[in-house]
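Visitor: The structure is given below, and queries will be raised subsequently.
Chains as they are written, first to last, in our numbering: chain X, 1 to 446; chain R, 447 to 892.
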């Protein structure tokens with residue numbers, strides 16, 4: 001069960017609400033306060049994982065026993081938690097859409113104890129997936145037409161994170177993943193051939209390449225940098241020629257000066273008539289390294305991108321928040337320095353022409369002329385409006401990202417010194433903010 | 447099942463080995479090639495998780511069907527994988543011990559297909575846990591005698607990563623975690639009281655504090671920065687006085703100038719006779735912020751440290767590797783530029799006096815005078831030598847870290863510009879390296 005997958009303070013607050021019969025619906029809004037340096041946009045991701053978390057949220061007997069015996073919750077509270085499920089409504093920006101700072105990605109409306117208990121899981125999942133999808137999107141911008149493969153699994157933050165990275169990078173347009181479980185779960189293309197250890201397990205490179213090609217004649221990719229790269233490429237060429245391989249195949253470069261080695265490798269391959277052979281590059285790649293390789297015209301057909309994408313090395317998290325914006329019929333806010341929030345349930349209105357930034361307004365206000373709302377209902381009464389479809393969700397998200405990438409203004413796409421679009425506040429929301437702030441200043445949070 | 451929790455290339459290589467009856471034992475060595483900037487040492491962590499992964503490694507029928515039908519492995523290979531378990535031996539540095547670059551943290555010896563298949567999971571888990579424990583250790587160094595609490599769960603890389611961060615930070619000396627599931631699983635102290643949303647759900651701060659203290663009179667911590675911090679502290683004092691609370695309690699500051707606010711808060715609390723009330727600080731903390739607060743003499747008793755520790759913000763991964771060092775009876779290495787490896791099974795020999803860096807030698811060579819070996823046997827024939835004990839393992843690891851922290855030379859402890867100890871290579875290992883390199887240069891990897 002998943003009920004303990006929360007912060008202790010959520011449980012204490014929920015217990016207090018349940019004891020006091022505070023069951024009015026609360027709306028919490030999840031947003032990113034500011035973009036990390038060098039991010040011109042974010043790619044919304046993780047929603048399907050968050051909805052699965054919400055549908056599964058419940059406490060089993062062992063968990064309830066822990067809360068009673070170790071955490072010290074009293075019996076009436078434990079009994080109330082035993083029957084608790086998430087019964088709320090969720091509106092969200094669909095996965096794959098491009099978003100910016102200060103815009104709600106998701107809003108939960110539920111009895112306040114439920115909405116509070118799920119904060120940790122929902123915030124965790126949307127933050128993680130959006131962080132990685134946004135980093136992966138930068139790799140895609142850098143790589144042009146080259147194919148991208150997720151090689152991150154070995155250094156993600158745990159095993160589950162590996163699957164999350166595979167999913168998030170697929171949304172951003174990666175063509176395949178090395179993570180077999182993730183490929184299975186999400187209908188992705190699994191990818192991978194050999195490591196240095198394979199080459200070392202044979203008496204020499206030719207023997208290793210010959211064995212591998214015999215066992216996997218469909219699209220073998222020979223790793224050529226174990227000892228000396230040009231010699232490794234020539235060994236691959238000999239084996240390819242000797243075995244008469246004519247289908248798709250390639251070589252992988254994993255170390256050294258990739259631009260120079262790719263040139264040399266291309267020349268050796270072409271000289272042997274293997275113009276169809278692809279060159280795959282890997283090894284500590286990120287969008288900056290790829291952009292530099294592309295700028296040099298390195299003849300690289302595909303990039304295997306690992307750790308630096310999978311942990312979003314330069315910005316491994318987002319300044320995300322899940323904040324109460326309404327309780328019962330009153331909008332609320334907080335005024336903490338640097339962390340003030342906007343009251344009330346919201347909507348984001350986008351200009352499909354891309355000529356101006358998004359407008360953040362009230363949930364129920366009519367869209368400004370020509371603008372489209374970004375948040376859509378995705379869950380009602382604790383049930384998803386669309387049944388879970390792990391592979392279909394990723395495909396749909398990737399299509400949305402493709403469309404939004406075409407829409408995204410040049411300034412926000414830039415890898416270096418990007419200019420993100422800035423969201424503005426609608427007159428209706430500004431009026432509500434000023435009114436609630438004035439009331440809070442007089443001692444209440446209404 | 448867990449068999450698909452691997453990279454596709456591991457499966458292809460394993461399939462090739464199985465087809466060719468290449469069943470000789472291989473030894474793979476896991477080490478960190480270089481420390482991240484600003485790290486003077488690492489804290490070994492994740493071993494118990496890796497051993498659980500190894501014990502559970504197996505393919506179920508659905509997974510085998512996927513490998514046959516989608517990945518395209520042939521039936522004899524699928525049949526071989528159906529019966530495959532990890533049957534190897536593992537030696538490792540115990541969790542909690544301080545380690546440095548170029549030292550094996552773990553060595554696996556197993557039939558090569560098995561040793562290859564588990565690479566991804568073992569490398570993933572040791573890298574992730576060691577990354578986070580090492581960051582958490584820096585927070586501990588910064589905080590002096592103040593108590594540290596893991597608040598990272600909401601922004602770790604997924605739900606499972608939250609539990610991993612709680613565990614890794616506990617090894618480094620954190621006193622408690624907000625992650626309830628992790629506290630349950632690993633016998634940690636769960637911690638947390640209220641969020642801003644709780645304060646906002648009541649008509650004013652006094653009403654919120656009064657309700658919370660009534661529901662949780664044992665050690666309540668009042669969050670005082672929702673609207674105006676000094677006013678919040680005064681509201682807490684009024685409620686404490688009104689309800690006659692005399693046990694342990696405190697206030698939490700989560701925004702603003704924490705040093706100045708802590709001073710003001712201490713003065714208000716002391717002025718009301720609440721000298722026992724603790725001040726907890728949180729909000730984008732890391733070792734640098736904490737060190738600055740400590741340097742200013744800020745009267746803060748405990749720190750809640752979240753995202754920046756939980757994703758190891760400034761160094762979210764390590765340059766770790768899992769490399770073949772022996773196959774059958776021959777030591778092997780690779781010579782890739784910048785990624786060359788040392789051949790043969792190894793041992794790390796430490797000077798308990800701390801006067802000199804570790805010596806990396808051959809597994810079976812006698813320890814140099816006065817030095818102790820760091821790697822110990824932890825698994826034989828695929829079974830752990832000690833039964834799993836999630837809570838006991840964390841406690842033992844924390845004790846080891848306490849001892850190693852007392853041993854660690856000052857230069858390596860420094861937060862800024864640390865000087866890590868440098869491992870040297872024993873004469874025996876150097877001789878083997880030179881011999882194997884010369885042979886590889888003549889065309890073989892022996």
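Note that beta-carbon positions come from the ideal geometry of N, C-alpha and C, so glycine has one too.
Would you give the residue range spanned by the beta strand (DSSP E) that residue 227/X belongs to?
Guide: Counting from one through the first chain, the residue named residue 227/X turns up at place 227. Note, residue 227/X: premise wrong, no beta strand (DSSP E); not H, not E.
Visitor: Within 10 angstroms of its Cβ, does residue 831/R collect 16 or more other Cβ (buried), or is it exposed?
Guide: Looking up residue 831/R in the second chain gives position 385. With fewer than 16 other Cβ atoms within 10 Å, it is exposed.
Visitor: Would a check of beta-carbon distances place residue 853/R closer than 8 Å to chain X?
Guide: As a working note, residue 853/R is residue 407 in the second chain. No, because no Cβ of chain X sits closer than 8 Å to the Cβ of residue 853/R.
Visitor: Given that residue 120/X touches chain R, what residues does it touch there, using C-beta distances under 7 Å?
Guide: The residue labelled residue 120/X in the question sits at position 120 within the first chain. Ordered by position in chain R, the residues that pass the 7 Å Cβ test against residue 120/X are 599 and 600.
Visitor: Give, in chain order, every residue of the segment 123-152 of chain X whose Cβ lies closer than 9 Å to some Cβ of chain R.
Guide: So the close ones are 123, 124, 125, 127, 128, 129, 131, 132 and 151.
Visitor: I'd like the list of long-range same chain contacts for residue 950/R, defined as Cβ closer than 8 Å, with 5 residues on each side in sequence excluded.
Guide: There is no way to answer for residue 950/R, as the model of chain R reaches only from 447 to 892.
Visitor: Pick helix, strand or coil for residue 918/R, following the three-state DSSP scheme.
Guide: Because chain R spans 447 through 892 in this model, residue 918/R falls outside it and cannot be assessed.
Visitor: Three or more beta-carbon pairs under 8 Å between the segment 762-777 of chain R and the segment 570-580 of chain R, yes or no?
Guide: The answer is yes - the segment 570-580 of chain R touches the segment 762-777 of chain R, with three or more Cβ pairs under 8 Å.
Visitor: Counting pairs of beta carbons, one from the segment 78-89 of chain X and one from the segment 330-337 of chain X, are three or more of them closer than 8 Å?
Guide: No, they do not touch.
Visitor: If we call anything under 8 Å between Cβ atoms a contact, is residue 5/X one with residue 121/X?
Guide: Here residue 5/X corresponds to residue number 5 of the first chain, with the count starting at 1. Here residue 121/X corresponds to residue number 121 of the first chain, with the count starting at 1. Yes, the pair counts as a contact, with Cβ atoms nearer than the cut-off.
Visitor: Roughly how many whole angstroms lie between the Cα atoms of residue 668/R and residue 327/X?
Guide: Within the second chain, residue 668/R is the residue found at index 222, counting from 1. Within the first chain, residue 327/X is the residue found at index 327, counting from 1. Each residue's Cα considered, the two are about 21 Å apart.
Visitor: What are the start and end residues of the beta strand (DSSP E) that includes residue 755/R?
Guide: In the second chain, the residue the question calls residue 755/R occupies position 309. No beta strand (DSSP E) holds residue 755/R; the alpha helix (DSSP H) holding it covers 753-756.
Visitor: Mind checking if residue 430/X is an interface residue toward chain R, Cβ cutoff 8 Å exclusive?
Guide: Locating residue 430/X in the first chain gives position 430, counting from the first residue. Not one chain R Cβ lies under 8 Å of residue 430/X.
Visitor: Chain R beta carbons: is any one of them nearer than 8 Å to that of residue 201/X?
Guide: Stepping through the first chain from its first residue, residue 201/X is reached at position 201. At least one chain R Cβ lies under 8 Å of residue 201/X.
Visitor: Going by C-alpha to C-alpha distance, which of 249/X, 312/X and 431/X sits closest to residue 136/X?
Guide: Position 136 of the first chain holds residue 136/X. If we check each option's Cα against that of residue 136/X, 312/X comes out closest.
Visitor: Identify the continuous beta strand (DSSP E) that holds residue 336/X and give its terminal residues.
Guide: As a first step, residue 336/X must be located in the first chain, where it is residue number 336. It is not in any beta strand (DSSP E) - residue 336/X carries neither H nor E in the DSSP assignment.
Visitor: DSSP three-state call for residue 581/R: helix, strand or coil?
Guide: Position 135 of the second chain, counted from the start, is the residue given in the question as residue 581/R. Residue state, collapsed to three classes: helix.
Visitor: Using a Cβ-Cβ cut-off of less than 8 Å, list which residues of the segment 625-647 of chain R approach chain X; keep chain order.
Guide: Within the segment 625-647 of chain R, the qualifying residues are 625, 626, 627, 629, 630, 636, 637, 638, 639, 640, 641, 642, 643, 644, 645, 646 and 647.
Visitor: Tell me the residue span of the beta strand (DSSP E) that contains residue 107/X.
Guide: The residue labelled residue 107/X in the question sits at position 107 within the first chain. Note, residue 107/X: beta strand (DSSP E), 104-111.
Visitor: Hey, does residue 725/R have any beta-carbon neighbour from chain X nearer than 8 Å?
Guide: Looking up residue 725/R in the second chain gives position 279. Not closer than 8 Å to any Cβ of chain X, the Cβ of residue 725/R fails to qualify, so no.
Visitor: Run the CB neighbour count on residue 693/R, radius 10 Å, all protein chains shown included, and call it buried at 16 or more, exposed below.
Guide: Residue mapping note: residue 693/R aligns to position 247 of the second chain, counting from 1. Its Cβ having fewer than 16 others within 10 Å, residue 693/R is exposed.
Visitor: For the candidate residues 21/X, 231/X and 28/X, whose alpha-carbon lies nearest to that of residue 77/X?
Guide: Position 77 of the first chain, counted from the start, is the residue given in the question as residue 77/X. For the residues 21/X, 231/X and 28/X, the minimum Cα distance to residue 77/X belongs to 21/X.
Visitor: Examine chain R for any beta-carbon lying closer than 8 Å to the beta-carbon of residue 226/X, and answer yes or no.
Guide: Locating residue 226/X in the first chain gives position 226, where the first residue counts as 1. Judged by the 8 Å Cβ criterion, residue 226/X is in contact with chain R.
Visitor: Quick check on residue 169/X - is its C-beta less than 8 Å from some C-beta in chain R?
Guide: The residue given as residue 169/X occupies position 169 in the first chain. So, not an interface residue.
Visitor: Strictly below 7 Å CB to CB, what residues from chain X border residue 558/R?
Guide: Position 112 of the second chain, counted from the first residue, corresponds to residue 558/R. The answer, in chain order, is 201.
Visitor: Assign residue 735/R to one of two classes, buried (16 or more other C-beta atoms within 10 Å of its C-beta) or exposed (fewer than that).
Guide: For the purposes of this step, residue 735/R is taken as residue 289 along the second chain, with counting starting at 1. Buried, by the Cβ-count rule.
Visitor: Between the segment 298-318 of chain X and chain R, which residues of the former have a C-beta closer than 7 Å to a C-beta of the latter?
Guide: From the segment 298-318 of chain X, only 307, 311, 313, 316 and 317 have a Cβ closer than 7 Å to chain R.
Visitor: Under the DSSP definition of a beta bridge, which residues are partnered with residue 279/X?
Guide: Taking the first residue of the first chain as 1, we reach residue 279/X at position 279. According to DSSP, residue 279/X bridges with 251/X.
Visitor: Taking residue 917/R as the query, report the chain X residues whose CB atoms sit under 7 Å from its CB, ordered along the chain.
Guide: Examination of residue 917/R is not possible in this model, given that chain R is present from 447 through 892 alone.
Visitor: If you follow the beta strand (DSSP E) that residue 148/X is part of, which residue opens it and which one closes it?
Guide: Taking the first chain and counting its residues from 1, the one referred to as residue 148/X is at position 148. Note, residue 148/X: beta strand (DSSP E), 147-150.
Visitor: Could you name each continuous beta strand (DSSP E) segment of 3 residues or more that falls completely within the segment 339-397 of chain X, going from the start of the chain to the end?
Guide: Fully enclosed beta strand (DSSP E) runs of 3 or longer: 346-350, 359-362 and 376-380.
Visitor: Pick from 641/R, 591/R, 552/R and 536/R: whose alpha carbon is nearest that of residue 9/X?
Guide: Numbered from 1 along the first chain, position 9 holds the residue referred to as residue 9/X. Residue 9/X has its Cα closest to that of 641/R, out of 641/R, 591/R, 552/R and 536/R.
Visitor: State the start and end residues of the unbroken alpha helix (DSSP H) segment that holds residue 199/X.
Guide: The residue given as residue 199/X occupies position 199 in the first chain. Looking at the DSSP string, the run of the alpha helix (DSSP H) that includes residue 199/X is 196-200.
Visitor: Using 8 Å as the cut-off, can you tell me whether the segment 137-145 of chain X makes contact with the segment 281-298 of chain X, which would need three or more C-beta pairs spanning the two stretches below that distance?
Guide: Judged by Cβ distances under 8 Å, the segment 137-145 of chain X makes contact with the segment 281-298 of chain X, as three or more pairs qualify.
Visitor: Per DSSP, which one or two residues make a beta bridge with residue 473/R?
Guide: Taking the first residue of the second chain as position 1, residue 473/R is located at position 27. For residue 473/R, which the question treats as bridged, DSSP gives the partners 555/R and 772/R.
Visitor: I need the DSSP call for residue 413/X, collapsed to helix, strand or coil.
Guide: Here residue 413/X corresponds to residue number 413 of the first chain, with the count starting at 1. Residue state, collapsed to three classes: helix.
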